[in-house]
Each structure stands twice: as structure tokens, then as C-alpha cells.
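Let me begin by presenting the structure, written as C-alpha cells, before commenting on it.
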Amino acid sequence: MYRKLNLILCASVLLFGQAQAQKKPKSTKPNILIIISDDHAFQTIGAYGSSLMPTPGIDRLAKEGAVMQNAFVSNSICGPSRACLLTGKHSAANGFKDNHSKFDASQDIFVRRLQGVGYQTAWIGKWHLETEPQGLDYWEILPGQGHYYNPDFLQMDGSSKRKEGYVTDLTTQAAEEWLETRNEDKPFCLIVGHKATHRVWMPDLQDLGGFDTTTFPLPSNFYDNYENRYAASQQDMSIEKTLRLGYDLKVMQDLDRGRENYTRMNAEQKRVYDRYYQTVEKDFISKNLSGKELTEWKYQRYMRDYLSTAASLDRNIGGLLNYMDKKGLTDNTLVIYLSDQGFYMGEHGWFDKRFMYEESLKTPMLVRYPGVIKPGTVHHEMVMNIDIAPTALELAGLTPSKEIQGKSMLPLFKGIEKKSRDAVYYHYFEFGEHNVIPHFGIRTDRYKLIRFYRGADKWELYDLEKDQKEMKNLIDAPGYAEIQATLVKKLKELTVRFKDVEAEMILDQEGI
Ligand code: CA
Numbered sequence: 019m020y021r022k023l024n025l026i027l028c029a030s031v032l033l034f035g036q037a038q039a040q041k042k043p044k045s046t047k048p049n050i051l052i053i054i055s056d057d058h059a060f061q062t063i064g065a066y067g068s069s070l071m072p073t074p075g076i077d078r079l080a081k082e083g084a085v086m087q088n089a090f091v092s093n094s095i096c097g098p099s100r101a102c103l104l105t106g107k108h109s110a111a112n113g114f115k116d117n118h119s120k121f122d123a124s125q126d127i128f129v130r131r132l133q134g135v136g137y138q139t140a141w142i143g144k145w146h147l148e149t150e151p152q153g154l155d156y157w158e159i160l161p162g163q164g165h166y167y168n169p170d171f172l173q174m175d176g177s178s179k180r181k182e183g184y185v186t187d188l189t190t191q192a193a194e195e196w197l198e199t200r201n202e203d204k205p206f207c208l209i210v211g212h213k214a215t216h217r218v219w220m221p222d223l224q225d226l227g228g229f230d231t232t233t234f235p236l237p238s239n240f241y242d243n244y245e246n247r248y249a250a251s252q253q254d255m256s257i258e259k260t261l262r263l264g265y266d267l268k269v270m271q272d273l274d275r276g277r278e279n280y281t282r283m284n285a286e287q288k289r290v291y292d293r294y295y296q297t298v299e300k301d302f303i304s305k306n307l308s309g310k311e312l313t314e315w316k317y318q319r320y321m322r323d324y325l326s327t328a329a330s331l332d333r334n335i336g337g338l339l340n341y342m343d344k345k346g347l348t349d350n351t352l353v354i355y356l357s358d359q360g361f362y363m364g365e366h367g368w369f370d371k372r373f374m375y376e377e378s379l380k381t382p383m384l385v386r387y388p389g390v391i392k393p394g395t396v397h398h399e400m401v402m403n404i405d406i407a408p409t410a411l412e413l414a415g416l417t418p419s420k421e422i423q424g425k426s427m428l429p430l431f432k433g434i435e436k437k438s439r440d441a442v443y444y445h446y447f448e449f450g451e452h453n454v455i456p457h458f459g460i461r462t463d464r465y466k467l468i469r470f471y472r473g474a475d476k477w478e479l480y481d482l483e484k485d486q487k488e489m490k491n492l493i494d495a496p497g498y499a500e501i502q503a504t505l506v507k508k509l510k511e512l513t514v515r516f517k518d519v520e521a522e523m524i525l526d527q528e529g530i
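Numbering (this note's numbering), first residue to last: 19 to 530.
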């Protein structure tokens, strides 16, 4: 009897063991989720101290992870910023210098290396690198800038799929669909690229008018006269002169209310959208504004459309985080939220980006990695978008190649390192739309040195401790000679280290 029972027990253990062996264990390697938006200003995010609008979705990452208070981009413009993200290199080294470039995706990009160690990789949404994605097991991307309403998504088989709805929702949906169908035995690296909050800020229908009862205070330097800052005086990105009533603010002039985006809407969408903007237009006509009153009306409308567009972005980020909870993915996933650069919300009288001044040099960056990053952490160390590639590589157990110019943020997250870098290097190459003169420079924790070229040979120096708004150019100012000399030397050193030949030549010609 005893022997018989023993045999049954042995057989059961054997059978159970076989069943276990047949079911492969799920991956224990950490997953990586990167959400990258477009032109999203940190000044509008609660976790960065903003009270302009509620941002519970993004703020959740700050509560459960870390907010990077000093996260910077290498080149403040759409396509080049994504190239920096993928390569971990500055624009001069990865070759994608301005929005007219084409990205060479055959170079060493971190997603390809992750594939090599068993990661499933995907990019969904805005790509904007002009070449076909590589190093990805799956991609579904918006062509070029994409559209807010009923956008096309390019598919891997070369076809294009038009999807009905609002782009931010559709991008999140596509991301969740891919997560549903992925191979759960492998870790994943998913990059979700949002079109929002890019110009021309077309909100989701449900968010129209969400801020109409709010009057936003003008930034203290809204009426900047650009004294002693030549490049700033030459730009064409002001709310007063550049922002267009029809194209941007959807009233008067170009009655198409957002141009090609508007023509994609279906009849019902147009009905709701038109009803809203017709009311705005009627009110605008009745006011008969001019001068400062007109400029300030434009500012209020810009803020309202921008923040309404951002409302959907935040809701969708919150939604994706909820999805991660439901699927049990939260604990084993590093989540990074960032924008491709910052944006002006009326500071210096501007919208847009490009300049090395704080509002566009800085990007929001929030990071959650349960078990490693303590909830509610605030980091003040200077990190960059080129740090994401080496961070992802290190997380996957890989060593970043020597060509990578960014620095893994993992030691910072783990508390092993206290400091990331002593200076941020920046180079904006494009000289076209918005007439921003090309420039390069460095930012330390206190100072910023900028060298403009091509459109003008000018230097600027700022003491950020005394002048956070960057209104007083201190180049050659008394009392700053020593710090200026140190910064110029450091700038030269970084142009050489990062193989930025163009910048190095300019300094060489000046005998630096
Ligand atoms: Ca952008």
C-alpha cells in the first residue's frame, strides 16, 4: 500500500515537472518604455511646479519615480533630437543636424543592440527621421509630422493605414495593441512617439474650450526688447509677429482652421470643431483689437489651444500607465517620459524652440523604475537626451560603445554616482524657418556661454544664478573675465571631445 502511494506520488511529481518545463518562464530582464512627445514645455507640467493645468498622468511618474529638474537636449529641434535619442551621440557625430537631414539608421542605434540580446523592440507614432526605421521588430509610424485628426500610419509592409480618431489616442491604442500581441517570453523596449504638442495645437474635440475661462498671466519678459542680444532680436518666432491668426489660432485669414489637418476631418468632427472656433472668431471680430491688446489676445488663444492639446497627451500617458498596471508590467519596466525639446510659452515673447536659452534647452524628463528609483525623487544633476541610449544599454546588461557620447543615468538612479557631468554641450545648426541664427555653447550649473555664427559672429554669457530669465548678456562684462576664459576653454575642449568639426573650426579661426 505504502509503496503504491509512493509510486503515484513520484509519477505526479514527474508529470507536474514536465508541465512546468513545457511552459517557458517569462522574461525577468527589465522592460523599457520610452514616451517621447513633441514640443512639450516643462513650464506646463505640475511635477515641474506649474499651475497652468493639471497633469495627473505625467505627475504620477514623479510621485512613483523621479523628476529630472535639469534634463537638456543636444539640439533643440524635432528630427535631430530623436536621432540623439537613438544614437546617444550629439548631432555632429550622428550626422542628423537639422530637419532637412536624413537619418542614417544603419549606424549604431541602441534598439538594434537590444535586439541582439533578445529584446523585442518597437517604435509607434511620430518618428520624423525621414528614413525607414531599423533595429525594430515592429514599427508603425506617422509620415513626417503626421496629422492630428484621422492620421495615416505607415506600416512595415509599405502600406499606409488611415485611422479614424485623434492622433494621441490612436498612438496609445497602437502601443497597447502591440503590447497585447508581443512575445511575452522576451523583454521589450517600446518607444511611443507622440505628435502632441506640436504646432498647430489642434485639441481633441472633448478638450476644446477647456481653458476658456482662464486668463493666463504674461511671463515677466513677454515684452523683451532683446537689448544686447542680437540673435534674439533677429528671430521670427514671436507671438506678436509670427503667430498667424488663421494657421495657428484658427480664426480669420486662412479659414481652413489648421490647414491640412482640418481637411482630414470628417463631417461630424468639422461640425464640432467649427462651432467652437466660429464662436472664438465672432468674439474676436467684436473686440476689434490692435497693438498690445491684439498681441495679448493671441497669447491667450495660444495658451488655450496648446494646453488643451496637452490635456489629451497627459490623459493618454496616464492611460498607458494604467494599462501597464493592469497587465502587471509596472514593477519590471523602466519608464521614461520626455519631450524632443522644450518650448516657449510666451517667455521673451515667443513660441517655438531652437535657442539655447533655458525654456527650449531643457526638456521635461521623468523616470520611473520601481525598486531602484525611490518614489518622489528629485534630481538636479544635469542629464541629457543622449544619456537615454547608454542607460537602456546598461539596463539590458550591455556596455555602451566608445562612440556613444552620452552617459548612463543608472548610476545616478542607483545612488552610486552623485554627479553626472559638469557641463552640457549644445549645437543648433539650422538656419531657416524662424530665422534663428546657428549657435553652439555650454551650460554649467551656473553659467551659460553661447557662440552664434553664420548669421552673426556674436558671443553671449549668462549668470543663471543672478539672471534666470537670461535677459542680461554678460560677455566681456567687468568681473566676469575669469569665468568667461574658463568657459571658453571648456567649450573648446568639448567641441574636440564630441568631434564637432564645424564648431571647432570657428573657434580655431578666433585663435581659441
Ligand atoms: Ca519638437
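Virtual Cβ for every residue (Gly too), placed ideally from N, Cα, C.
- Annotation: the continuous alpha helix (DSSP H) that includes Lys81 extends over 74-82.
- Between ligand 1 and Asp358, a heavy atom-to-CB distance of less than 7 angstroms is present.
- Following the DSSP letters along the chain, one finds Ser357 inside the beta strand (DSSP E) bounded by residues 351-357.
- Per DSSP, Phe128 is one residue of the alpha helix (DSSP H) stretching across 128-134.
- Ser304 counts as exposed, since fewer than 16 other C-beta atoms from the protein chains shown sit within 10 angstroms of its C-beta.
- Counting C-beta pairs with one atom in each stretch, the segment 305-320 and the segment 240-260 have three or more that are closer than 8 angstroms, which means they touch.
- Pairing Asp203 with Asn88, the inter-Cα distance amounts to about 36 angstroms.
- Sequence-distant Cβ neighbours of Ala111 in its own chain, meaning closer than 8 angstroms and more than five residues away, are Thr105, Glu421, Gln423, Phe516, Lys517, Asp518.
- Contact check for Thr62 against Met383 fails: the beta carbons are separated by 8 angstroms or more.
- The DSSP-derived three-state label of Lys115 is coil.
- At a threshold of 7 angstroms, Asp56 counts as near ligand 1, since its beta carbon sits closer than that to one of the ligand's heavy atoms.
- DSSP places Met86 in the strand class (E or B) of the three-state scheme.
- According to the DSSP assignment, Asn49 belongs to the beta strand (DSSP E) that extends over 49-55.
- Residue range 96-105 is occupied by the alpha helix (DSSP H) that includes Arg100, with no beta strand (DSSP E) assigned at that position.
- The three-state reading of DSSP puts Val210 in strand, counting E and B together.
- Between the segment 51-68 and the segment 434-446 there are fewer than three C-beta pairs closer than 8 angstroms, too few to call the two in contact.
- At a Cβ-Cβ threshold of 8 angstroms, Gln359 and Val91 count as neighbours.
- Residue pairing by DSSP leaves Ala329 without any beta bridge partner.
- Listed in chain order, the non-local C-beta contacts of Ala123 below 6 angstroms within the same chain comprise Thr149, Gln152, local neighbours out to five positions each way being set aside.
- DSSP places Ser178 inside the beta strand (DSSP E), whose first and last residues are 178-180.
- Within 7 angstroms of the C-beta of His118 there is not a single heavy atom belonging to ligand 1.
- For His216, the CB falls within less than 7 angstroms of some heavy atom of ligand 1.
- Note on the segment 145-192: whole beta strand (DSSP E) runs with a minimum of 3 residues are 156-160, 170-172, 178-180, in chain order.
- Beta bridge pairing from DSSP links Ala140 with Tyr156, Leu208.
- DSSP, reduced to helix, strand and coil, places His108 outside both helices and strands of the structure shown, so it counts as coil.
- Nearest neighbour of Glu82 by Cα position, chosen from Leu356, Val396, Pro205, turns out to be Val396.
- Note: Thr395 is bridge-paired with Ala84 in the DSSP secondary-structure output.
- When the alpha-carbon of Met489 is set against those of Thr504, Gly394, Glu365, the nearest one is in Glu365.
- In chain order, Val506, Lys510 place their CB closer than 7 angstroms to the CB of Ile530, counting only its own chain and leaving out the 5 sequence neighbours on each side.
- Contact annotation, Ile406 with Ile354: C-beta distance approximately 6 angstroms; criterion of less than 8 angstroms satisfied.
- When Lys437, Tyr480, Arg319, Pro48 are compared, the shortest CA-CA separation from Thr233 is found for Arg319.
- Residue burial annotation: Ser357 is buried, with at least 16 other C-beta atoms found within 10 angstroms of its C-beta.
- The distance from the Cβ of Leu236 to that of Tyr295 is about 24 angstroms, inconsistent with a contact at the 8 angstroms cut-off.
- A residue is called buried once 16 or more other Cβ atoms fall within 10 Å of its Cβ, and Lys268 is buried on that count.
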